[in-house]
Amino acid sequence: MKQNAAQSLFTAIVEASFGAIGIRVEGEHVRELVYLPASFDEKEPVDLLSEKAALQVDRYLHDPDFHFDLPLAPIGTAFQNKVWKAITEIPRGKVLTYGDIARRVQSAPRAVGQACGANWYPLVIPCHRVTAANGLGGFSHYDDETSFHVGIKRWLLAHEMVEGYR
Numbered sequence: 141m142k143q144n145a146a147q148s149l150f151t152a153i154v155e156a157s158f159g160a161i162g163i164r165v166e167g168e169h170v171r172e173l174v175y176l177p178a179s180f181d182e183k184e185p186v187d188l189l190s191e192k193a194a195l196q197v198d199r200y201l202h203d204p205d206f207h208f209d210l211p212l213a214p215i216g217t218a219f220q221n222k223v224w225k226a227i228t229e230i231p232r233g234k235v236l237t238y239g240d241i242a243r244r245v246q247s248a249p250r251a252v253g254q255a256c257g258a259n260w261y262p263l264v265i266p267c268h269r270v271t272a273a274n275g276l277g278g279f280s281h282y283d284d285e286t287s288f289h290v291g292i293k294r295w296l297l298a299h300e301m302v303e304g305y306r
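First residue of the sequence shown: 141, per my numbering; consecutive thereafter.
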C-alpha cells in the first residue's frame, strides 16, 4: 500500500520521537492506535474525537504519568479483555512478565503474549510494560531485538523511567 493511501486510513497522525502514532476513529469510538515509522507525516485531526485522541497521545508522549480517557471501541475476546485489564493495572515505571500476567488471569505466558500482540490500543493498554522473564521480550508480534517495534518498546520503557531502560 502506498504511503498516501495508508495515511488516509488515519483520522490523525501524531509525531513521536520513535516515528509517529496513527489514530483511527469510527463514529463515537477510537478504533485503533498504530505505531508508524517516521516516514509518515503528521496529520491534523479530521474530527473532535480524533483531536481529543491526538491531544491525549501527545500529552502522554510528554508526560508518562498522563492517564488516557478515550471511548475505545469494544473489541477482543473475553480472554484478551481479561489480559488487557490486567495490563492496565501495571503502574507506570513498573513491568510484569508474561508469566506474571498469566498467573493473574490463570493462563499461559504464550497466550498472554498473543493477547498483547492483538492489542489495538497501545499506550492506552500499555503492553510495553509486559516483558519476558529473561529480558525485554517481543512487542506487537515482533521479537527481533533490532525491529522497529521492539525499539519502540525500549523507548516507551525509558520514557516511563523503568529501571534498566532509562
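A virtual CB, placed ideally from N, CA and C, is assigned to each residue, including glycine.
Check                                                                                                     : Outcome
Residue burial classification, residue 148 (beta-carbon count within 10 angstroms, cutoff 16)             : exposed
Backbone secondary structure at residue 207 - three-state DSSP                                            : coil
Three-way DSSP call (helix, strand, coil) for residue 257 in this model                                   : helix
Alpha helix (DSSP H) segment containing residue 175, residue limits                                       : Counting along the chain, residue 175 falls outside any alpha helix (DSSP H), though it belongs to the beta strand (DSSP E) covering 169-176.
Rounded C-alpha distance that separates residue 180 from residue 292                                      : 15 Å
Three-state class that DSSP yields for residue 248 in the structure shown                                 : coil
Buried versus exposed, by CB contacts within 10 Å (16 or more), residue 259                               : buried
Counted within 10 angstroms of its Cβ, other Cβ atoms place residue 199 as buried (16 or more) or exposed : exposed
Check whether residue 165 and residue 201 have beta carbons under 8 Å apart                               : no
Within 8 Å, strictly: CB atoms of residue 161 and residue 183                                             : no
Rounded C-alpha distance that separates residue 171 from residue 220                                      : 16 Å
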